[in-house]
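These notes concern the structure reproduced below.
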Amino acid sequence: MSWEIVIGLEVHTQLSTNTKIFSGASTTYGAEPNTQADAVSIALPGVLPVLNKGAVERAVKFGLAVGAHIAPRSVFARKNYFYPDLPKGYQISQFDLPVVGMGSLKIQVEPLSGKAGSYEKVVRITRAHLEEDAGKSVHGASQGMTGVDLNRAGTPLLEIVSEPDMCSAAEAVAYAKTLHTLVRWIGISDGNMQEGSFRCDVNVSVRKPGEPLGTRREIKNLNSFKYMQQAIDYEVQWQIDTIESGGKIHQATILFNPDTGETRAMRSKEDAHDYRYFPDPDLLPLDITPEMLEAMRATLPELPEARRTRYVNELGLSAYDANSLTSSREMADYFDTVLASLAPSPQSSPASGRGGDRENQSSTLAKLCANWLIGELSAQLNRDGLDMAQCPVSTRQMSGMLVRIADNTISNAGGKDVFRTLWAEGGDADAIIEAKGLKQVSDSGAIEALVDEIIAAQADKVAEYRSGKDKLFGFFVGLAMKASKGKANPAQLNEVLLKKLAG
Amino acid sequence: MLNSSLIQLGDALRAKKISSVELTQTYLDRIATHNPVFNAYITVDAKTSLAQARAADALIASGQAQPLTGIPFAQKDIFCAKGWRTTCGSKMLADFIAPYDAHVIEQFNKAGAVNLGKTNMDEFAMGSSNETSYFGQVKNPWNQKAVPGGSSGGAASAVAARLCAAATGTDTGGSIRQPAALCGITGIKPTYGTVSRYGMIAFASSLDQAGPMARSAEDCALMLNVMTGYDERDSTSLQREKEDYSRDLNKPLAGLRIGLPREFFAEGLSADVGSCIQESIAEYRKLGATVVEISLPNTKLAVPVYYVLAPAEASSNLSRYDGVRYGHRADEYTDLADMYEKSRSQGFGEEVKRRIMIGTYVLSHGYYDAYYLQAQKIRRLIAQDFTDAFQHCDVIMGPTSPSTAFNLGEKGDDPVQMYLSDIYTIAVNLAGLPGMSIPCGTGRNDMPVGLQIIGNYFDEARMLNVAHQYQLATDWHTRCPEGF
Chain A
1 MSWEIVIGLE VHTQLSTNTK IFSGASTTYG AEPNTQADAV SIALPGVLPV LNKGAVERAV
61 KFGLAVGAHI APRSVFARKN YFYPDLPKGY QISQFDLPVV GMGSLKIQVE PLSGKAGSYE
121 KVVRITRAHL EEDAGKSVHG ASQGMTGVDL NRAGTPLLEI VSEPDMCSAA EAVAYAKTLH
181 TLVRWIGISD GNMQEGSFRC DVNVSVRKPG EPLGTRREIK NLNSFKYMQQ AIDYEVQWQI
241 DTIESGGKIH QATILFNPDT GETRAMRSKE DAHDYRYFPD PDLLPLDITP EMLEAMRATL
301 PELPEARRTR YVNELGLSAY DANSLTSSRE MADYFDTVLA SLAPSPQSSP ASGRGGDREN
361 QSSTLAKLCA NWLIGELSAQ LNRDGLDMAQ CPVSTRQMSG MLVRIADNTI SNAGGKDVFR
421 TLWAEGGDAD AIIEAKGLKQ VSDSGAIEAL VDEIIAAQAD KVAEYRSGKD KLFGFFVGLA
481 MKASKGKANP AQLNEVLLKK LAG
Chain B
504 MLNSSLIQLG DALRAKKISS VELTQTYLDR IATHNPVFNA YITVDAKTSL AQARAADALI
564 ASGQAQPLTG IPFAQKDIFC AKGWRTTCGS KMLADFIAPY DAHVIEQFNK AGAVNLGKTN
624 MDEFAMGSSN ETSYFGQVKN PWNQKAVPGG SSGGAASAVA ARLCAAATGT DTGGSIRQPA
684 ALCGITGIKP TYGTVSRYGM IAFASSLDQA GPMARSAEDC ALMLNVMTGY DERDSTSLQR
744 EKEDYSRDLN KPLAGLRIGL PREFFAEGLS ADVGSCIQES IAEYRKLGAT VVEISLPNTK
804 LAVPVYYVLA PAEASSNLSR YDGVRYGHRA DEYTDLADMY EKSRSQGFGE EVKRRIMIGT
864 YVLSHGYYDA YYLQAQKIRR LIAQDFTDAF QHCDVIMGPT SPSTAFNLGE KGDDPVQMYL
924 SDIYTIAVNL AGLPGMSIPC GTGRNDMPVG LQIIGNYFDE ARMLNVAHQY QLATDWHTRC
984 PEGF
């Protein structure tokens with residue numbers, strides 16, 4: 001009998017405020033140790049926390065983006081424990097009254113290792129709450145001593161907790177990726193995983209179908225989707241093996257070691273802290289007014305989910321293409337801008353029956369544009385280690401090139417040539433086409449003359465073809481292309497060849 | 504000069520009858536003479552004080568003096584003052600030099616006042632006799648064998664012994680009012696949120712409130728004018744219009760309704776204190792006030808509720824003293840846990856440790872609901888009692904403390920007896936109301952007795968009026984212990 005996997009995620013996402021959640025110290029990453037530790041970060045005697053409104057706005061924005069209930073009043077609580085990188089001896093967090101309540105996120109699950117069957121799933125989000133980050137212990141900082149860097153202490157975090165709705169590593173990764181896209185999309189976090197701006201804790205358990213939930217183990221602090229998948233796969237197998245060989249799963253916190261690909265227990269439930277949560281008397285309850293809620297709603301951009309649906313329903317793109325284009329807001333916006341300059345604006349399309357043609361036409365352009373962005377452009381970005389925001393080819397340059405493919409001035413292959421030049425040297429598509437002589441021959445007279453010449457010169461082959469050797473068609477195309485120096489419009493060439501070879 | 508009011512001192516300074524340097528030096532000399540016996544100050548820094556005095560004299564000379572410019576004040580050692588050692592009465596912070604000014608210190612600095620030094624106090628403000636201070640006990644100027652009260656015992660002793668013009672204190676469960684009563688001076692704890700807590704070392708955040716300790720209500724009003732005001736650095740600071748606390752001092756009291764809670768005159772109140780209070784009420788009747796009996800039915804719950812909530816907050820507030828970044832760290836330890844244990848065991852005194860233990864317990868899993876949550880509910884009932892009572896009266900009066908100053912060492916080994924000495928003051932903090940204590944007679948052994956005046960929220964100006972009219976009619980507040 002097979003096993004059912006149950007996975008829930010807790011994601012700590014760093015909010016993109018310039019200053020800390022309870023003080024005016026900078027949150028810029030990578031500064032010299034303790035240069036961004038002000039009196040509040042060090043927890044000097046007598047200092048008090050003052051809530052950063054920007055952090056609250058970002059939390060509310062997130063709540064709205066996942067259709068969650070926003071608590072009109074939430075409460076900051078102290079989570080008490082001792083650790084050198086926790087300067088106050090407590091972390092200010094939210095406990096029984098978080099700012100964001102139940103919401104949900106629709107995810108598109110791409111099965112791993114190229115298997116077919118992409119599907120949609122809705123993952124419920126239990127809650128999201130505001131809290132401050134701790135500092136960093138630097139072990140062995142000097143001669144067997146541990147150093148403490150409090151630059152990060154007090155950095156605003158939004159902890160996003162999901163329901164245990166995922167039942168495979170693929171779903172967990174899809175959820176984490178969708179969430180990662182969303183927080184960047186709505187501009188509440190830079191999502192930089194290397195810098196710890198997006199850290200995932202994954203709760204994993206297994207059970208036989210129909211049985212109650214198994215005991216879970218929590219994999220802490222995963223900061224890459226690849227590791228997440230590896231860690232879950234390993235952990236699931238470990239739990240199944242343990243149970244099948246007669247063992248029991250004990251609740252524990254575990255770490256994933258990317259070098260060995262294994263998970264190992266960090267502490268068991270028995271050593272769990274009693275955090276002695278209680279409302280922080282230094283902070284008033286957090287009230288979210290209806291006005292603030294509306295103001296935040298007004299700043300929300302079109303969300304990735306809505307954009308995806310629009311691409312599929314209105315542009316006729318495949319779910320896969322729509323998903324790829326909405327992997328970041330920069331990519332989607334780039335796509336929209338390029339497409340807008342290629343396609344006739346929907347406002348100008350007449351309400352008559354001819355709209356259908358227009359839709360077909362715009363769908364073709366959308367597909368062309370999507371192929372280029374997902375294909376050549378993404379590949380090039382990858383190769384140079386750039387993200388979309390750093391793309392050297394502007395939307396204007398890109399549409400200048402695509403418009404020449406669309407109007408048959410150049411072939412797709414010619415387009416690649418233009419694109420490589422745009423990427424490396426910049427410039428303008430038309431000028432590059434001109435300079436490189438990439439214009440394809442679409443003059444039907446010229447193509448017919450060229451085809452006639454070939455037919456005359458290859459009488460034997462023509463005879464063979466006409467007697468049924470269809471495969472020779474490619475041979476004629478090759479000759480004709482060569483004769484046109486690659487400039488013949490392929491579609492037109494095919495048409496003329498077919499007609500003339502038929503005799 | 505030593506018995507002059509703050510207004511008289513200010514006038515004399517501005518009239519150049521005396522300079523701030525002379526006045527400051529006078530107090531510094533007195534401190535040098537008396538502090539070795541009374542131990543009212545933990546830290547004195549003559550050089551810094553005199554530099555401030557010189558700056559004040561320059562302001563006065565340039566005609567930019569404000570009411571308190573050039574007047575020397577003593578600051579409780581719970582307020583961080585930049586460059587000053589700020590100990591909070593603890594070994595934990597015995598060497599801590601504050602790198603910034605508390606809001607209260609800033610306000611005095613802006614007013615051009617002189618900081619005479621940092622006054623002794625119970626460790627982290629936890630105590631009612633000033634005996635828990637790491638820096639030794641403070642003596643009551645009225646009787647060297649008696650305690651000055653606490654936790655602002657050094658401030659009360661310094662004001663009574665004329666070792667400063669006036670002083671600041673803080674009050675979490677009675678720490679301004681009880682020592683004021685025991686040392687025969689006037690002190691007021693304003694409505695919670697009136698004085699910013701920024702830079703004031705936290706004991707129990709939801710109860711802590713700073714206020715003035717002086718020789719008269721009139722002086723307290725002037726100081727409140729400086730100390731209060733919205734401060735964005737304290738989220739519990741209240742956004743209200745700045746007010747002049749002196750504005751109503753001279754209003755007649757005709758028609759004033761005084762509520763006497765029957766629970767304040769029951770078992771536990773010493774006869775000598777009780778009769779002083781009755782005599783002062785009689786004086787108020789002469790001034791035109793009427794008296795109504797009221798009830799604060801949950802009074803007996805105030806002490807137990809306080810000893811759940813205050814330690815709970817304190818146990819968390821004091822977690823930052825871990826020896827990692829500043830403060831006392833043990834010389835030798837084996838590992839991290841050992842460093843925490845040794846540093847904190849050595850750095851904190853018995854009473855502080857007791858309250859950390861109580862607070863940790865009541866917040867623990869499985870006990871939180873029964874203690875902390877229950878106490879929060881009763882806290883609301885206690886506040887409601889006052890709201891109901893103020894339907895029938897304008898101010899509430901009663902004893903500040905159940906007895907006059909007890910002897911040093913008398914209650915040292917019985918914490919519960921010590922806790923009960925704040926039985927009349929604690930409920931006021933739980934409700935967040937303003938409360939004050941004024942001298943109203945002498946009891947056994949000629950020791951001072953304090954009358955407590957409790958006002959409704961933000962009614963400080965009226966309370967000061969009520970106190971000032973009494974002080975115009977009587978002279979208890981002008982009495983000075985022998986030898987000063």
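Heads up: the protein sequence lines correspond to chains A and B, in order. Be aware that the first sequence starts at 1, since it is given in our numbering, and climbs by one per residue. Be aware that the second sequence starts at 504, since it is given in our numbering, and climbs by one per residue. Just so you know, even glycine gets a beta-carbon here, dropped at the ideal spot from N, CA and C.
| message | Would His868 (chain B) pass as an interface residue toward chain A - the criterion being a Cβ-Cβ separation below 7 Å? | response | yes
| said: Across the segment 170-182 of chain A and the segment 137-148 of chain A, are there enough close Cβ pairs to call them in contact, namely three or more that are closer than 8 Å? | reply: no
| query | What residues are listed by DSSP as bridge partners for His139 (chain A)? | reply | A:Thr146
| So is Phe76 (chain A) in contact with chain B if we call contact Cβ pairs under 7 Å? | no
| Should the segment 404-413 of chain A be regarded as contacting the segment 431-451 of chain A, the criterion being three or more beta carbon pairs within less than 8 Å? | yes
| query | Smallest Cα separation from Glu609 (chain B): which of B:Tyr973, B:Gln528, B:Lys585? | reply | B:Lys585
| message | Strictly below 7 Å CB to CB, what residues from chain B border Arg530 (chain A)? | response | No answer is possible for residue 530 (chain A): it lies beyond the span of chain A, which begins at 1 and ends at 503.
| field | the segment 278-292 of chain A in contact with the segment 69-77 of chain A per 3-pair CB rule at 8 Å | value | yes
| said: Between which residues of its own chain and Lys88 (chain A) is the CB-CB distance below 7 Å, once the five residues before and five after are set aside? | reply: Ala43
| Extent of the continuous beta strand (DSSP E) run through Arg217 (chain A) | 217-222
| said: I want to verify the contact list: residues of chain B whose CB lies under 9 Å from the CB of Val148 (chain A), in sequence order. | reply: Val827, Arg828
| Could you give the residue range of the alpha helix (DSSP H) that holds Thr675 (chain B)? | Unbroken run through Thr675 (chain B): none, as it is neither H nor E.
| request: Taking a Cβ distance cut-off of 8 Å, strictly less, list which residues of the segment 83-99 of chain A are near chain B, in chain order. | output: Pro84, Pro87, Lys88, Gly89, Tyr90
| query | So, using beta-carbon positions, are Ser798 (chain B) and Arg760 (chain B) closer together than 7 Å? | reply | no
| query | Ordered along the chain, which non-local residues of its own chain (more than five positions away) have a Cβ less than 6 Å from that of Leu479 (chain A)? | reply | Ile454
| query | First and last residue of the beta strand (DSSP E) that includes Leu975 (chain B)? | reply | Where Leu975 (chain B) is concerned, there is no enclosing beta strand (DSSP E), although the alpha helix (DSSP H) it sits in stretches over 963-976.
| said: Please identify, using Cβ separations under 8 Å, the residues of the segment 844-872 of chain B that lie next to chain A, in order along the chain. | reply: Thr863, Leu866, Ser867, His868, Tyr871
| Simplified DSSP assignment, three categories, for Val204 (chain A) | strand
| chain B contact residues for Ile42 (chain A), given Cβ-Cβ distances below 7 Å | Arg828
| query | Along chain A, which residues have their Cβ under 9 Å away from the Cβ of Asp464 (chain B)? | reply | Limits of chain B in this structure are 504 at one end and 987 at the other, which puts residue 464 (chain B) out of reach.
| In this structure, does DSSP put Asp548 (chain B) in helix, strand or coil? | coil
| Reduced DSSP category for Asn506 (chain B) - H, G, I as helix; E, B as strand; rest coil | coil
| request: Identify every run of the alpha helix (DSSP H) within the segment 532-605 of chain B, keeping only runs that are complete inside it and at least 4 residues long; order them along the chain. | output: 549-564
| query | Going along chain B, which residues have a C-beta under 9 Å from Ala332 (chain A)? | reply | In chain order: nothing, as chain B lies at least about 40 Å away.
| Residues that DSSP places opposite Lys106 (chain A) in a beta bridge | A:Val122
| said: When you compare the CB positions of Ala265 (chain A) and Leu158 (chain A), do they come within less than 7 Å of one another, or not? | reply: no
| task | Would you give the residue range spanned by the alpha helix (DSSP H) that Val178 (chain A) belongs to? | result | The question names Val, but residue 178 (chain A) is Thr in the sequence shown. That run of the alpha helix (DSSP H) goes 169-185.
| message | Does the CB of Ile704 (chain B) have a neighbour CB from chain A at under 7 Å? | response | yes
| field | Completely contained beta strand (DSSP E) runs for the segment 596-651 of chain B, where each covers 3 or more residues | value | 617-622
| request: Give the residues from the segment 249-280 of chain A that approach chain B closer than 7 Å (Cβ to any Cβ), ordered along the chain. | output: Asp274, Arg276, Phe278
| field | chain A contact for Ala605 (chain B) (CB, 7 Å cutoff) | value | yes
| field | Inter-stretch contact at 8 Å, needing at least 3 Cβ pairs: the segment 96-108 of chain A / the segment 831-849 of chain B | value | no
| said: Taking 8 Å as the cut-off, does the segment 931-942 of chain B touch the segment 690-709 of chain B (at least 3 CB pairs, one atom from each stretch)? | reply: yes
| Residues of its chain near Ile433 (chain A), where Cβ-Cβ distance is below 8 Å and the 5 sequence neighbours each way are ignored | Arg404, Thr409, Ile410, Gly414, Val418, Lys439
| said: Please tell me whether Ser349 (chain A) has its Cβ less than 7 Å away from any Cβ of chain B. | reply: Since pLDDT at Ser349 (chain A) reaches only 44, below the 50 mark, its modelled position is unreliable, and the value read off the structure follows with that caveat. No, no contact with chain B.
| message | Could you tell me the alpha carbon to alpha carbon distance between Ser719 (chain B) and Gly986 (chain B), rounded to whole angstroms? | response | 20 Å
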